[in-house]
Structures are given as C-alpha cells and as structure tokens.
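Data first, discussion second: the structure below is written as structure tokens.
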Amino acid sequence: MVTSKKVQNNEAAMADGAVKEYRHGLCMDVPMYIEDSEYCGEELGTRLTCRHGLTPKRRTAWEGPDTGRRFLEDQCDKFFWVDEPWHPRVQKTLEQMWHAVERATKLTGSKQYDWCCFVRNTKAEEEKMKLELDTADHISELELAYKKN
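Once you know that position 38 of the sequence shown is 38 in the UniProt record's numbering, the rest is easy, because the numbers rise by one and skip nothing.
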C-alpha cells in the first residue's frame, strides 16, 4: 500500500516533470536492466522515495520495446519512467529484434546441446575403445605367456 507521504512525493515529482509515468510493481514487473555508465547510481535530484525512505536507483531498460529507456527503481519494486515511450515503429522494431535474439538463442542452445551430446558420446566411445585395446593387449600377453609354458 502506498503511504500518503509517498503519494505526495510522487505528485511533487510529477509536477516537477521528473517522472513521466508511474506504475506499481504489482501491476507491471520491473524491466530487466543493464548498467549504463552514463545513467547509474542513486537518483539524488528527486524527492521520490520508497515507503522505507530510500532514494531510487537509476536504471536503463534492457528488454522488449522499452530497451534503452531510462527509469528509476525504488527498493519496493516500483519503478518510474524517466524517458518518454519510443515511437511505435521503434517499439515494434525492438520487439522484433528481441524475438530474433530469442529464436537465435534457442537455436544456439539446441546446437550447443547437440554438440555437448556429440562430445560426450565421442568421449564414451573413445574410453570404450581404450578399454577394448587394453583388454586385447592383456589377452595377447596372457596367450604369449601360456604358449611359453
């Protein structure tokens, strides 16, 4: 539940133009993010705080149509967009890019699995061949020893 102090802080920040959109963490998951050297650390230039009074962290989204958008994430899993949404054409392109990455990752993962199975089977065959050669050598030695006696 949002406290009245939190609501006052959010309204003040929105009036300042610092926050363009507010979403509750329960309704929308906080997006995955990357460490951006140009936009990181704590946001000290705002009156926004979580219900524990902590200042939000600066983040840059790294998934879906919001890739590259900056946002503030508080310690209570709520976030505030700093940047406006991308143009719909850009959002669609980003979405298609992420689908292509996902498909490539699945394909690569499948190929890696196939390769790992091939390597494991090849190693097993190699071990089997070594055991068979060792057994054949041992049998040859026993036959030679038997013939000498």
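Even for Gly, the Cβ is constructed at its ideal location relative to N, Cα and C.
Note that this is a predicted model, so its numbers are computed, not measured.
Going by DSSP, Thr122 is part of the alpha helix (DSSP H) stretching over 88-148.
Cα atoms of Val119 and Lys111: separation of roughly 12 Å, rounded to the nearest angstrom. Sorting Pro31, Tyr39, Lys92 by C-alpha distance to the C-alpha of Phe79 places Pro31 at the top. Look at the segment 54-90 and you find these whole runs of beta strand (DSSP E), each 3 residues long or longer: 57-61, 70-73, 79-81. About 19 Å separates the beta carbon of Arg89 from that of Trp81, a gap too long to meet the 8 Å contact definition.
Ranked by Cα distance from Gly64, the options Glu126, Lys92, Leu48 are led by Lys92.
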